[in-house]
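**Q** Numbering-wise, the UniProt record's numbering puts 30 at position 30 of the sequence shown, and it's gapless, one number per residue. Below is the structure I would like to discuss, written out as structure tokens.
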Amino acid sequence: MLHIDIHSFSYKKGGIPKDDSGNGGGFAFDCRGILNPGRIEEYKIQTGNDIGVQEYLETKTEMPKFLELIKSLVSINIDDYLERGFENLQINFGCTGGQHRSVYSAIKIAEFIKEKYPNGTKVTIHHDEQPQLNISNQ
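The following block contains the structure:
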């Protein structure tokens, strides 16, 4: 079983999450090149788990293209790790505050992995700056 641990985090606050599996890391994707919905008044208190923020990221930014490229990259490793019997992979998404872009990316990549690899993987999500989201997204 390949355990895939996905984190959203803030570069300003905690930085790239430590890999507790002992493997020493994994992927760290920087979402700060995507327009920040947090700069728009109506989205300031929302997160990447809210529909308004999601629609903004999907229609007004390069986020869909960004995530398609990430899906291709992580699939290469997941395919290889499953074939070789590896047990852990960490995927991290960072943005300025760990609230909008990174949360959205972590959710969408988790959905993609669960759909593409229903057998042989266990996906967990940790929103390091938005702990209130962790219960519903496990």
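Note that CB positions come from ideal geometry on N, CA and C, so glycine has one too. Bear in mind that the values here come from a model prediction, so they are computed numbers and not experimental data.
1) Under a three-way DSSP split, which group does glutamine 54 fall into?
2) What's the call for arginine 101, buried or exposed, on a 16-neighbour Cβ count within 10 Å?
3) Using C-beta distances below 6 Å, list every residue in its chain close to methionine 63, excluding the 5 sequence neighbours before and after it, in chain order.
4) Using DSSP with H/G/I as helix, E/B as strand and the rest coil, what is glutamine 138?
5) Mark glutamine 132 as exposed unless 16 or more other C-beta atoms lie within 10 angstroms of its C-beta, in which case mark it buried.
6) Among Ile78, Asp20 and Leu67, whose alpha-carbon lies nearest the alpha-carbon of valine 103?
7) Taking glycine 24 as the reference, give the member of Ile125, Gly38 and Leu89 with the closest Cα.
8) Taking the alpha carbon of aspartate 20 as the point to measure from, which residue in His126, Asn119 and Ile70 has its own alpha carbon closest?
9) Between the alpha carbons of lysine 18 and isoleucine 91, how many angstroms are there, rounded?
**A** Looking at the atomic coordinates:
1) Start at 1 with the first residue of the sequence shown, and residue 54 comes out as number 54. In this structure, glutamine 54 counts as helix in the three-state DSSP scheme.
2) Position 101 of the sequence shown, counting from 1, holds the residue named residue 101. Buried: at least 16 other Cβ atoms inside 10 Å.
3) Here residue 63 refers to the residue found at position 63 when the sequence shown is read from its first residue. Ile34 and Leu57, listed in sequence order.
4) Within the sequence shown, numbered from 1, the residue matching residue 138 stands at position 138. Because the pLDDT at glutamine 138 is just 43, under 50, the model does not fix this residue reliably, and the point stays unresolved.
5) Against the sequence shown, residue 132 aligns to sequence position 132. Counting the other Cβ atoms within 10 Å of the Cβ of glutamine 132 gives fewer than 16, which makes it exposed.
6) Indexing the sequence shown from 1 puts residue 103 at position 103. Ranking Ile78, Asp20 and Leu67 by Cα distance to valine 103 puts Leu67 first.
7) Locating residue 24 in the sequence shown gives position 24, where the first residue counts as 1. Of Ile125, Gly38 and Leu89, the residue nearest in Cα terms is Leu89.
8) By one-based count along the sequence shown, residue 20 stands at place 20. For the residues His126, Asn119 and Ile70, the minimum Cα distance to aspartate 20 belongs to His126.
9) By one-based count along the sequence shown, residue 18 stands at place 18. By one-based count along the sequence shown, residue 91 stands at place 91. Lysine 18 and isoleucine 91 have their C-alpha atoms spaced approximately 11 Å apart.
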